[in-house]
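Q: Counting in numbering that gives the first Met the number 0, the sequence shown runs from 0 upward without gaps.
Cβ coordinates follow ideal geometry from the N, Cα and C atoms, glycine included.
One structure is given below, represented as structure tokens, and several questions about it will come after.
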Amino acid sequence: MVDLALSPADSGRPARRSSRMPRSVTSEPIWLRIALIGLSLALLSVLLFAPLIAVFSQALQEGIGSALESLADPDAQAAIRLTLLTAAFAVPLNAVFGLAAAWAIAKFDFRGKAFLITLIDLPFSVSPVVAGLCFVLLFGANSGIGGWFVAHGYPIVFAVPGIVLATMFVTFPFVARELIPIMEEHGRAEEEAALTLGASGWRMFRTVTLPNVRWALLYGVLLSNARAMGEFGAVAVVSGRIRGETTTMPLMIEMFYNEYMPVAAFTLAALLALLGLVTLAAKSLLEWRHGGELAATRRH
0 MVDLALSPAD SGRPARRSSR MPRSVTSEPI WLRIALIGLS LALLSVLLFA PLIAVFSQAL
60 QEGIGSALES LADPDAQAAI RLTLLTAAFA VPLNAVFGLA AAWAIAKFDF RGKAFLITLI
120 DLPFSVSPVV AGLCFVLLFG ANSGIGGWFV AHGYPIVFAV PGIVLATMFV TFPFVARELI
180 PIMEEHGRAE EEAALTLGAS GWRMFRTVTL PNVRWALLYG VLLSNARAMG EFGAVAVVSG
240 RIRGETTTMP LMIEMFYNEY MPVAAFTLAA LLALLGLVTL AAKSLLEWRH GGELAATRRH
């Protein structure tokens, strides 16, 4: 029989441990990390940085004077005003709608709630061009509703109201989808406590609900504003492309480009890109300053 007992010398010797530490399952080899980072930077360069550089370089190829002169064009100025006007109407209206929809979905239980959430997500799955055609069929001069408005001097399609409606349709999910998760996270306890203490409905909303969701609301407004200024498909259908009247900045960029006016087209595109970059900077600042409060909104 083999004696497996340790000798006195061996019994006092500490057990040898492997010098190799187990690798974490979440860590990757350094070469793989470098490859992934390089691939990500290459894709960003091709899809984002290179187009932006090309737009700004084309806008300034004849000097900043020519670029500013193209922005002074009456059609370009009308497009800029209409774009800002459309966003000024569509974004606040969508903020009100988003608050109301999120309040109803998060604070109340009713039949058809899942169907309502599906309807809110509808603009994400429907082509903007299809949405524009629906507005033309519903509010066009040949329809009952649209004909009545035209007869009373308030046309909707091929006018500013139609542009605002189309922009509202493609942007209204953003605010609601940012607010619903965070309202569900907070629950109903604070509102019920405020009502128990004698607060009115408006005071409860102003002092309890709104402070809890203010940063998510602002985040949704920023996203909605960015989409509103850059919308093309639905607006192209309902606007009629009336030069100087119903052409937004994206439409005017296409018209300038098709008319062989590259400096004007790329200058207006650069301005639209700058507006988008400002919105992105505000969004990033909001995430940096209030990232914890916005974490709940990332569930969707």
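Does the separation of the CB atoms of residue 122 and residue 170 fall below 9 angstroms?
A: To locate residue 122, count along the sequence shown from 1; it is residue 123. To locate residue 170, count along the sequence shown from 1; it is residue 171. Result yes, Cβ atoms of residue 122 and residue 170 sit closer than 9 angstroms.
Q: Considering only the beta carbon of each residue, do residue 219 and residue 64 sit closer than 9 angstroms?
A: Translated into the one-based positions of the sequence shown, residue 219 becomes position 220. Translated into the one-based positions of the sequence shown, residue 64 becomes position 65. No, these two residues do not count as a Cβ contact at 9 angstroms.
Q: Leaving out five residues on either side along the sequence, give the residues of the same chain with a beta carbon under 7 angstroms from the beta carbon of residue 227.
A: Walking along the sequence shown from the start, residue 227 turns up at place 228. Result list for residue 227: 85, 86, 89, 90, 166, 170, in chain order.
Q: Helix, strand or coil for residue 159, going by three-state DSSP, please let me know.
A: Position 160 of the sequence shown holds residue 159. Looking at residue 159 - three-state DSSP - the assignment turns out to be helix.
Q: Does DSSP put residue 277 in a helix, in a strand, or in coil?
A: Walking along the sequence shown from the start, residue 277 turns up at place 278. Three-state DSSP puts residue 277 in a helix.
Q: Is residue 268 buried or exposed, if buried means 16 or more other CB atoms sit within 10 Å of its CB?
A: Here residue 268 refers to the residue found at position 269 of the sequence shown. The residue in question, residue 268, is buried, as its Cβ has 16 or more Cβ neighbours within 10 Å.
Q: For residue 72, which option in 287, 255, 259 has the closest C-alpha, if you only look at C-alpha atoms?
A: Walking along the sequence shown from the start, residue 72 turns up at place 73. Comparing Cα positions, the closest option is 255.
Q: Report yes if the C-beta distance between residue 162 and residue 278 is below 9 angstroms; otherwise report no.
A: Mapped onto the sequence shown, residue 162 falls at position 163. Mapped onto the sequence shown, residue 278 falls at position 279. Not closer than 9 angstroms, so no.
Q: Leaving aside the five residues before and after residue 156 along the sequence, list all residues of the same chain whose C-beta is less than 8 angstroms from its C-beta, in chain order.
A: Position 157 of the sequence shown, counted from the first residue, corresponds to residue 156. Closer than 8 angstroms at Cβ, skipping near neighbours: 134, 135, 138, 139, 140, 145, 237, 239.
Q: In the stretch 211-287, which residue ranges form an unbroken alpha helix (DSSP H) of at least 4 residues, counting only runs that do not cross its ends?
A: The stretch 211-287 contains these whole alpha helix (DSSP H) runs: 232-238, 248-257.
Q: May I ask you to report which of helix, strand or coil DSSP gives residue 107?
A: Within the sequence shown, residue 107 is the residue found at index 108, counting from 1. Three-state DSSP puts residue 107 in coil, outside helix and strand.
Q: Write down every uninterrupted run of the alpha helix (DSSP H) in the stretch 99-145 whose length is 4 residues or greater and which is fully enclosed by it, in chain order.
A: Segments of the alpha helix (DSSP H) lying fully in the stretch 99-145: 112-119, 121-124, 127-138.
Q: Could you check which residue in 203, 104, 265, 275 has the C-alpha nearest to that of residue 223?
A: Indexing the sequence shown from 1 puts residue 223 at position 224. Comparing Cα positions, the closest option is 275.
Q: Could you tell me the distance, in whole angstroms, from the CA atom of residue 232 to the CA atom of residue 217?
A: Residue numbering aside, residue 232 sits at position 233 when the sequence shown is read from its first letter. Residue numbering aside, residue 217 sits at position 218 when the sequence shown is read from its first letter. Approximately 26 angstroms, taken between the alpha carbons.
Q: What does a CB cutoff of less than 8 angstroms around residue 257 pick up in its chain, not counting 5 residues either side in sequence?
A: The residue given as residue 257 occupies position 258 in the sequence shown. Excluding positions up to five away in sequence, the list is empty.
Q: Tell me which residues share the same chain as residue 212 and place their Cβ nearer than 7 angstroms to its Cβ, disregarding the 5 neighbours each side in the sequence.
A: Here residue 212 refers to the residue found at position 213 when the sequence shown is read from its first residue. Only 178, 181, 182 meet the Cβ criterion.
Q: Are the CB atoms of residue 229 and residue 164 within a distance shorter than 9 angstroms?
A: For the purposes of this step, residue 164 is taken as residue 165 along the sequence shown, with counting starting at 1. For the purposes of this step, residue 229 is taken as residue 230 along the sequence shown, with counting starting at 1. No, they are not a contact pair.
Q: Considering only the alpha carbon of each residue, which of 196, 168, 261, 158 lies closest to residue 125?
A: In the sequence shown, counting from the first residue as 1, residue 125 sits at position 126. Among 196, 168, 261, 158, the Cα nearest to that of residue 125 belongs to 168.
Q: Is it the case that the Cβ atoms of residue 101 and residue 192 are separated by a distance below 9 angstroms?
A: Working through the sequence shown from its first residue, we reach residue 101 at position 102. Working through the sequence shown from its first residue, we reach residue 192 at position 193. Cβ distance not < 9 angstroms, so residue 101 and residue 192 don't count as in contact.
Q: Can you look up residue 27 in the DSSP assignment and give me helix, strand or coil?
A: Counting from one through the sequence shown, the residue named residue 27 turns up at place 28. Looking at residue 27 - three-state DSSP - the assignment turns out to be coil, as it is neither helix nor strand.
Q: Considering residue 207, what are the terminal residues of the alpha helix (DSSP H) in which it resides?
A: Mapped onto the sequence shown, residue 207 falls at position 208. Residue 207 -> no alpha helix (DSSP H), and no H or E assigned at all.
Q: Closest by CA to residue 120, which one among 173, 143, 103?
A: The sequence position of residue 120 within the sequence shown is 121, counting from 1. For the residues 173, 143, 103, the minimum Cα distance to residue 120 belongs to 173.
Q: Could you tell me the alpha carbon to alpha carbon distance between residue 58 and residue 74, rounded to whole angstroms?
A: In the sequence shown, residue 58 corresponds to position 59, counting from 1. In the sequence shown, residue 74 corresponds to position 75, counting from 1. If I take the Cα positions, the gap works out to 17 angstroms.
Q: What do you reckon, are the CB atoms on residue 194 and residue 200 nearer than 9 angstroms?
A: Within the sequence shown, numbered from 1, the residue matching residue 194 stands at position 195. Within the sequence shown, numbered from 1, the residue matching residue 200 stands at position 201. Against a cut-off of 9 angstroms, the Cβ pair of residue 200 and residue 194 comes out as a contact.
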